[in-house]
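Asks: Before we start, here is the structure in question, set down as structure tokens.
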Amino acid sequence: MTTATPPAERLLNLVIALMNTSGRLTRRDIQQRVSGYAPDADPKTFERMFERDKDTLRELGVPIQTVNPATDHAEDIGYRIDKDSYSLTQLDLNAAELSILSLATTLWRDTALEADSTRALTKLKSNAPTTAPTTALAGFGPRIRGDEPSLTVILDAITARRAIRFTYRAASTGELTTRTIHPWRLSSRRGGWYAVGYDTTRNDARVFRLNRIVGHVKALGPQGSYELPDTDTIAHAFGQDLAHTPQQATLALARGRAQALRARSHPAATTAPHGYDAVHLTYVDENDMSIEIAGLGAHALVLDPPALAHRVIAHHKALAELARTLGEDPLPDRARTDTTQGDDTQGDRP
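The numbers in the sequence shown follow the numbering used here, run straight up by one, and end at 356.
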């Protein structure tokens, strides 16, 4: 492999070569023709790399076939991809469309669904006619944070029609309750993942945000224990539960920072501290918004409304208290002073 070829690109090149061979490609053919393998590399080095790549592709679901030659010479053994089980209808995807698909797959990185999404993208790229670069959106991909275990368990439960049980923290009070539901659907909205289903304790449809689930989600009972309602019923339940009144916040964002918030905001005609830009941002869930802002530290300050600013400061106080308990001190002196003043707003912070 040349140092300029990333492993993912080499794997894609190998898939394309094996898809387009009329018969088979021997190992020597692959070393000499496929970009990413050094033609003059030591044979043992190439063998190790090729075996690893072959195993990786098979784990991703690529049906690589071994074609035995008519002779007994091992060097004549060839490889190809079974097109009948790996073929797709010809897709006319341009570079921009492939970039969007690549961006979408980053959502599942480091989760149990990574292999499935990577396999799907590899198929689309190898069958698409374009060879233009698809990295225009590199670095902008979203990620699922913290809720991967519950996400996969709930997905499996929906498929199997099994009930699930979990401990849930209420957004308004922080109270922990045990909930048992028949999950209907997983949906993403406003940067969060939600499970909508029938709450057997409340005897009504409910929506649960996955990052408020505490601990593990447990599947209960046999498969096929309930039926899914129609699509309109599920959509109504999901929409009604999340139908909060939008609110507007005025923030000061450090220049060159807080790009995710900037992408959802617009400039505000408000004076901001030196080195910051004032913006308006619409939000629905105050708790979720305060957590996102607090996670950015001094790069995002709340100028208005005061309720949101005080909630963010409360998060900083909790972090400072935890740090003191652990014998650490993550806040500089002035930031510590600001967050311990009960009538402060974040606009007064540096």
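For glycine and all other residues, C-beta sits at the position ideal for the given N, C-alpha and C.
Quick check: what's the CA-CA separation for D46 versus I219?
Replies: Here residue 46 refers to the residue found at position 40 when the sequence shown is read from its first residue. Here residue 219 refers to the residue found at position 213 when the sequence shown is read from its first residue. Whole-angstrom Cα-Cα distance: 54 Å.
Asks: In the structure shown, what three-state DSSP assignment does H280 receive?
Replies: One-based indexing of the sequence shown puts residue 280 at position 274. Note: H280 maps to coil in three-state DSSP.
Asks: Tell me which residues share the same chain as A284 and place their Cβ nearer than 6 Å to its Cβ, disregarding the 5 neighbours each side in the sequence.
Replies: The residue you call residue 284 lines up with position 278 of the sequence shown. Hits under 6 Å: A258, A274, T276, A278.
Asks: Would DSSP call P49 helix, strand or coil?
Replies: As a first step, residue 49 is located in the sequence shown; it is residue number 43 there, counting from the start. Three-state result, P49: helix.
Asks: If distances are taken between C-alpha atoms only, which option among F52, P49, V68, T32 comes closest to P75?
Replies: Start at 1 with the first residue of the sequence shown, and residue 75 comes out as number 69. Comparing Cα positions, the closest option is T32.
Asks: Helix, strand or coil, according to DSSP, for R263 in the structure here?
Replies: Start at 1 with the first residue of the sequence shown, and residue 263 comes out as number 257. Of the three classes helix, strand and coil, the one that applies to R263 here is coil, per DSSP.
Asks: Just verifying my parser: in three-state terms, what is the DSSP assignment at L302?
Replies: Position 296 of the sequence shown holds residue 302. In this structure, L302 counts as coil in the three-state DSSP scheme.
Asks: Using alpha carbons as the reference points, say which of E298, E292, P235 lies closest to A264.
Replies: Numbered from 1 along the sequence shown, position 258 holds the residue referred to as residue 264. Nearest of E298, E292, P235 to A264, Cα basis: E298.
Asks: Cα separation between G198 and L226?
Replies: Here residue 198 is taken as the residue at index 192 of the sequence shown, counted from 1. Here residue 226 is taken as the residue at index 220 of the sequence shown, counted from 1. Going by the C-alpha atoms only, they are around 25 Å apart.
Asks: Distance check for I87 and P30, CA to CA, integer angstroms please.
Replies: Position 24 of the sequence shown, counting from 1, holds the residue named residue 30. Position 81 of the sequence shown, counting from 1, holds the residue named residue 87. Per the sequence presented here, residue 30 reads as Arg, with Pro not at that position. Cα-Cα distance, rounded: 9 Å.
Asks: Can you have a look at T237 and say buried or exposed, based on whether 16 or more other CB atoms are within 10 angstroms of its CB?
Replies: Taking the first residue of the sequence shown as 1, we reach residue 237 at position 231. T237 comes out exposed.
Asks: Which of the three DSSP states, helix, strand or coil, is assigned to V68?
Replies: The residue you call residue 68 lines up with position 62 of the sequence shown. Three-state DSSP puts V68 in coil, outside helix and strand.
Asks: Go ahead and pull the three-state DSSP assignment for D90.
Replies: Locating residue 90 in the sequence shown gives position 84, counting from the first residue. Of the three classes helix, strand and coil, the one that applies to D90 here is helix, per DSSP.
Asks: Would you mind sorting A138 into buried or exposed? The rule is 16 or more other CB atoms within 10 Å of its CB.
Replies: Translated into the one-based positions of the sequence shown, residue 138 becomes position 132. Confidence in A138 is poor, its pLDDT being 46 and thus under 50, which makes the residue's placement too unreliable to answer from.
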